[in-house]
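Number of protein chains: 2
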Amino acid sequence: MTRQTANSNRSVTLADVARLAGVSIATASKALNGRAQVRAETRERVVSAARQLSFTPNALARGLLLGRSGTVGLVTHDLEGRFSIPILAGAEDAFGAGQMSGLLTDARGDTIRERYQVNALLGRSVDGLIVVGDKTDERPSLGHDLPVPVVYAYAPSSDPSDCSLVCDNVGAGRMGVEHLLGCGRSRIAIITGDPTYGAAHERVQGALAALAQAGLELIGGRAMYGSWTEDWGRGAARLLVDRFPAVDAILCGSDQVARGVLDALRERGLSVPGDIAVVGHDNWKVMALGARPTLTTIDMNLEELGRLAATRLVEAIDGHPRSGRELVTGRLITRNSTAPQD
Amino acid sequence: MTRQTANSNRSVTLADVARLAGVSIATASKALNGRAQVRAETRERVVSAARQLSFTPNALARGLLLGRSGTVGLVTHDLEGRFSIPILAGAEDAFGAGQMSGLLTDARGDTIRERYQVNALLGRSVDGLIVVGDKTDERPSLGHDLPVPVVYAYAPSSDPSDCSLVCDNVGAGRMGVEHLLGCGRSRIAIITGDPTYGAAHERVQGALAALAQAGLELIGGRAMYGSWTEDWGRGAARLLVDRFPAVDAILCGSDQVARGVLDALRERGLSVPGDIAVVGHDNWKVMALGARPTLTTIDMNLEELGRLAATRLVEAIDGHPRSGRELVTGRLITRNSTAPQD
DNA sequence: GAAAGTGCCGAAAAGGTTTTCTTAACCTAC
DNA sequence: GTAGGTTAAGAAAACCTTTTCGGCACTTTC
């Protein structure tokens with residue numbers, strides 16, 4: 000049995016196109032890729048043959064030859080997808096439709112696993128890597144002996160010569176306080192989350208700076224740290240209003256915490272924002288929109304961060320790497336918890 | 000300048016391993032792949048050479064040759080990642096570490112985009128496709144003229160000869176009611192979500208069947224449809240307890256709805272589960288655990304669904320396709336909203 | 001009319017791996 | 001000692017595309 004038996008399940012190759020167009024494989028390739036040395040009429044013939052056969056070039060063969068696969072590896076530690084999915088979406092946008100695909104793997108916070116995944120991805124000849132963390136704290140670098148560029152998103156690399164994209168937590172804290180000041184509040188308290196998270200401290204730091212600039216002090220003297228839960232938000236809010244009834248605004252470390260705070264305030268008979276204004280952090284839609292009143296919060300612009308990460312990666316792949324940490328500023332989303340908008 | 004100049008950024012190939020081990024490329028390949036015709040001592044030498052050079056086979060070259068790339072395409076419509084991320088995780092588990100990688104693309108609910116993504120994935124020689132929907136309603140089939148098998152997850156294909164994996168919504172409804180009956184409740188009402196979602200109806204259908212079996216009728220005579228929001232849950236719960244004060248249990252269509260229901264009941268001074276027991280649906284952790292009391296709910300076993308989807312896909316790739324719809328049953332997670340567990 | 005130049009096209013190599021087929025070496029049995 | 005058999009290893013083809021380089025045919029220029 001010879002090889003030219005009809006092989007229906009084999010996909011159409013460039014050779015098929017060339018045969019149909021009556022040219023060589025080389026010419027067909029040049030015609031389809033817009034290379035110069037092809038007569039217009041020939042090119043036309045090839046293109047129409049390709050269309051007729053609905054030819055799709057084999058990305059594997061091309062990748063093997065060029066040493067570029069047109070794929071990037073995405074190593075995520077955030078299985079909830081709260082951070083990595085918007086980042087992936089942004090990356091897809093930045094790469095341009097169909098030009099680049101993302102190989103997504105999940106390392107589940109495990110360094111060994113991460114190393115393993117990176118190797119698997121390198122074996123697939125990815126052109127670059129984006130590492131997405133699950134918190135904004137520094138993480139160890141993957142090192143510089145990798146054959147492809149790496150961009151760290153959300154969690155920056157501890158090595159300042161790596162390229163990292165992070166949220167501007169300090170700026171976010173500042174932004175929250177400035178908004179509250181602009182709403183006429185001056186007795187501001189902070190209820191935030193887990194003190195082992197750098198993000199919690201950074202946001203507080205920014206808030207304190209803004210307060211200091213306005214010549215104000217934090218109600219209670221210090222931020223209240225706990226956990227990133229509604230439960231803690233409720234408990235902390237009760238404690239706060241009992242000890243400092245004069246408080247007129249609460250800046251929260253996350254939307255979950257803010258949600259708990261809002262519930263506790265309502266149960267204490269305090270009106271929001273009448274008596275106390277509340278600002279959250281994350282713009283986690285289901286939380287912020289389900290809250291009563293709907294929650295003013297800071298959106299970290301994760302899609303933008305993702306787009307930027309992808310852009311930086313493409314630049315690096317094209318031979319123009321950057322290094323250092325780049326801050327992505329958030330934006331305030333005003334809703335009813337600071338300024339009723341009926 | 001010759002080619003053998005140290006080329007540090009070029010990765011180590013099988014030829015390098017073979018040279019170090021003092022064998023031919025063919026032998027090296029056979030040794031590393033566990034083929035038979037290699038002497039044990041030779042194999043040992045090759046393996047240690049490979050380890051020494053930290054050799055990783057080039058997946059592109061292998062894929063090109065075998066016609067299998069070792070990647071599967073994941074087309075998702077659920078950018079929130081609420082469904083697709085657990086499914087991806089399950090798939091990764093099922094494929095086995097590093098054996099298969101998932102090329103994730105997001106079609107954003109757009110059929111044109113989906114078609115485009117599928118073609119891009121096929122160009123990358125994926126071995127199969129998993130299509131993840133964003134709701135449990137039927138979706139159009141991708142057709143049977145694709146060169147690779149397709150498995151539909153969460154949203155089944157409208158073509159019954161496709162292989163689809165779906166949640167057992169009917170069973171979930173039944174499960175919820177049976178749990179409530181077991182807790183001694185008999186005056187059960189249903190507050191669910193958007194009536195344009197088949198899932199809403201199916202869960203109701205299962206619940207009604209279980210009620211009928213117990214010789215009971217639904218309080219209010221019919222399920223209350225609205226939207227998948229807390230707002231609706233609150234409003235519906237108020238309406239319900241005003242009109243039917245005797246109700247002693249509410250089965251909710253989602254955790255978000257349940258959350259609203261719980262809030263409204265608490266504000267009406269009704270105790271949960273003392274006066275009224277509440278069951279949710281989804282086991283969306285932040286919702287269910289943040290609720291007061293914590294929410295008994297039905298987990299749809301999405302990881303399991305994902306694992307199963309991946310398993311079915313691998314089977315199909317290996318030449319053993321299945322067709323038809325396969326139900327994945329959920330499991331009840333009991334928390335304090337039906338049975339206090341202090 | 002010959003030499004130089006130009007425009008198009010095709011042959012072939014390269015990229016890294018797997019598999020088939022061939023060869024070489026060694027052993028067993030008569 | 002030779003024929004036949006068995007085992008281990010290597011040579012080469014195949015997968016599909018891109019690019020370089022060579023060559024052919026035709027045009028221009030003196």
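Protein chains in written order, with numbering that gives the first Met the number 0: chain A, 0 to 341; chain B, 0 to 341.
We treat Cβ as the ideally placed atom computed from N, Cα and C, and that holds for glycine.
Keep in mind that this is a model prediction, so the values were computed, not measured.
**Prompt:** How big is the Cα-Cα spacing for A:Asp317 and B:Ile111?
**Reply:** 30 Å
**Request:** Could I get the ranges of all uninterrupted beta strand (DSSP E) runs contained in the stretch 170-244 of chain A, with 3 residues as the minimum, in chain order?
**Result:** 187-190
**Item:** Which listed residue (A:Val16, A:Asp298, A:His200 and A:Arg233) has its alpha carbon closest to that of B:Ala290
**Value:** A:Arg233
**Message:** For B:Pro85, tell me which candidate among B:Val277, B:Arg334, B:Asp298 and B:Val260 has the shortest Cα-Cα distance.
**Reply:** B:Asp298
**Item:** Which of helix, strand or coil DSSP assigns to A:Ser322
**Value:** coil
**Asked** What residue range is occupied by the uninterrupted alpha helix (DSSP H) comprising A:Arg311?
**Response** Leu301 to Ile316
**Item:** Near-chain B residues of the stretch 306-340 of chain A (beta-carbon distance less than 7 Å), N- to C-terminal order
**Value:** none
**Item:** Option nearest B:Cys162 by Cα separation, candidates B:Arg324, B:Leu269 and B:Pro292
**Value:** B:Arg324
**Asked** Is A:Thr293 close to chain B, meaning its C-beta is less than 7 Å from at least one C-beta of that chain?
**Response** no
**Prompt:** Can you name, in chain order, every residue of its own chain whose Cβ lies under 7 Å from the Cβ of A:Ser7, other than the five neighbours on each side?
**Reply:** With a pLDDT of 41 at A:Ser7, under the threshold of 50, the predicted position of this residue should be treated as unreliable, though the coordinate-derived value follows. Contacts found: none.
**Prompt:** Taking Cβ-Cβ distances below 8 Å as the criterion, which residues of the stretch 118-130 of chain A are in contact with chain B?
**Reply:** Asn118, Ala119, Leu120, Leu121, Gly122, Arg123 and Ser124
**Prompt:** When DSSP labels each residue in this structure, what does A:Asp15 get in the three-state scheme?
**Reply:** helix
**Request:** Indicate the three-state DSSP secondary structure (helix, strand or coil) for B:Ser28 in the structure shown.
**Result:** helix
**Request:** Going by CA-CA distance only, name the one from B:Lys29, B:Leu52 and B:His143 that's closest to B:Pro320.
**Result:** B:His143
**Asked** Rounded to a whole number of angstroms, what is the C-alpha to C-alpha distance between A:Gly21 and A:Gly62?
**Response** 26 Å
**Request:** Could you tell me which residues DSSP puts in a beta bridge with B:Thr328?
**Result:** Answer is none; B:Thr328 lacks a bridge partner.
**Prompt:** Who are the near neighbours of B:Arg2 in its chain, counting only those whose CB is closer than 7 Å to its CB and skipping five residues on each side?
**Reply:** Here B:Arg2 scores only 32 on pLDDT, less than 50, and its place in the model should not be relied on; the value that follows carries that caveat. Same-chain partners within the cutoff: there are none.
**Message:** Quick check: is any heavy atom of the ligand HEM less than 6 Å from the C-beta of B:Cys162?
**Reply:** The model depicted lacks the ligand HEM and carries no ligand whatsoever.
**Asked** First and last residue of the beta strand (DSSP E) that includes B:Ile111?
**Response** No beta strand (DSSP E) contains B:Ile111, which is instead part of the alpha helix (DSSP H) from Thr110 to Gly122.
**Request:** Quickly, what does DSSP pair B:Val74 with across the bridge? List them, please.
**Result:** B:Thr104 and B:Val130
**Message:** Any beta carbon of chain A sitting closer than 7 Å to that of B:Leu103?
**Reply:** yes
**DSSP-derived helix/strand/coil call for B:Ile297** = strand
**Contact set between the stretch 43-66 of chain B and chain A, restricted to residues whose Cβ is under 7 Å from the partner** = Thr55, Pro56, Asn57, Ala58, Leu59, Ala60, Gly62 and Leu63
**Asked** Helix, strand or coil: how does DSSP classify A:Leu164 here?
**Response** strand
**Asked** Under 7 Å, do A:Thr333 and A:Ala276 count as touching if we go by C-beta distance?
**Response** no
**Item:** 6 Å CB neighbourhood of A:Arg186 in its chain, flanking five on each side removed
**Value:** Ile218, Ala245, Val246 and Asp247
**Prompt:** In chain order, what residues of the same chain have a beta carbon less than 6 Å from the beta carbon of A:Thr4, not counting five sequence neighbours either side?
**Reply:** For A:Thr4, the pLDDT reaches just 31, beneath the cut-off of 50, and the residue's location in the model is therefore unreliable, although a value from the coordinates is still provided. Answer for A:Thr4: no residue qualifies.
**Request:** Note the first and the last residue of the continuous alpha helix (DSSP H) segment covering B:Ala287.
**Result:** Lys284 to Gly289
**Request:** Measure the Cβ-Cβ separation of A:Gly122 and B:Ala58 and say whether it is below 7 Å.
**Result:** yes
**Asked** Beta-carbon of A:Glu177 versus every beta-carbon of chain B: anything under 7 Å?
**Response** no
**Message:** So with CB distances below 8 Å, who are the chain B contacts of A:Gly289?
**Reply:** Thr228, Glu229, Asp230, Gln255, Arg258 and Gly259
**Asked** Three-state secondary structure (DSSP) at B:Leu261?
**Response** helix
**Message:** Would A:Val45 and A:Ala30 be called neighbours here (beta carbons separated by less than 7 Å)?
**Reply:** yes
**Item:** Three-state class that DSSP yields for A:Leu59 in the structure shown
**Value:** helix
**Message:** Does the CB of A:Ser270 have a neighbour CB from chain B at under 7 Å?
**Reply:** no
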